[in-house]
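Asks:
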Amino acid sequence: MKLTFIVLLTFVGLSIVSCQRRTTTASTPQKLNDRVIRRYSRRCIREQGITYRDALKLSRGDFTDDREKVKCFLKCIASQMKFYNAEGDLQNDALQDYINFAIKDEKKARSAYEQCNDKLKNAENQCDFIHEAFKCFYDHAKTEIELGASNAENLDRSAITLLRLDEIDDEDEIREDINESMVEVVELMP
């Protein structure tokens, strides 16, 4: 899978499980497997006080929830992925590596980085910056997503696993939401 994120990019990819289709080398970002994503997500969900459903929406590219704690969840994920150093400074090299990893075409990757970076100059704080960065990158990268059937199943399984980390009252509804999102992803494929 390939959608990690500038800052996912994830997970969200989960849209941030995308890396599983590529092999990891010294020059590519860390492989984001189910275990890593669960660990990052659990930690950030607890720290920010959001729900698993909120995290799942973000993983599906739904950035409509603009509550501060949802935005800061994405910053937490970005920090876990080393897009920020201990002082809170953005690590452009790490960010660019993930973009290049997520988008195969070098020109498109550079363009996404530059366009998203330009849009973010007026962000009020780091949480707003990261939220807008995830949203911008997702818009650029969604046309690059290449999920085969087995990867779609992995994404579904990962999302369900994430949701099972806590008691969920309506797991069937959430599973249905995930299946619908998989149909949307498949429709985006060339």
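Numbers -19 to -1, 1 to 171, taken from mature numbering (1 follows the signal peptide of the UniProt record, and there is no 0), label the letters of the sequence shown in order.
Where is the CB? At the ideal position from N, CA and C, for every residue including glycine.
Is Lys38 near the ligand ZN, judged by its Cβ being under 8 Å from some heavy atom?
Replies: No copy of the ligand ZN occurs in the structure displayed, which carries no ligand at all.
Asks: How many angstroms separate the CA atom of Phe64 from the CA atom of Ser22?
Replies: Straight-line Cα distance between these residues: approximately 15 Å.
Asks: Leaving out five residues before and five after Tyr119 in sequence, what residues of the same chain have Cβ atoms less than 6 Å from its Cβ?
Replies: Here the set comprises Gly42.
Asks: Measure the CB-CB distance between Phe54 and Ile26 and report whether it falls below 9 Å.
Replies: Cβ distance < 9 Å, so Phe54 and Ile26 count as in contact.
Asks: Can you give me the Cβ contacts of Tyr94 inside the same chain, cut-off strictly under 8 Å, excluding the 5 residues immediately before and after it?
Replies: Cβ neighbours of Tyr94 beyond the five flanking positions: Ile(-14), Leu76, Gln77, Ile80.
Asks: Between which two residues does the alpha helix (DSSP H) harbouring Ile58 extend?
Replies: First-last of the alpha helix (DSSP H) with Ile58: 49 to 61.
Asks: How big is the Cα-Cα spacing for Ile84 and Arg91?
Replies: Whole-angstrom Cα-Cα distance: 9 Å.
Asks: Going by CA-CA distance only, name the one from Arg20, Glu68, Ile111 that's closest to Glu49.
Replies: Per the Cα distances, Ile111.
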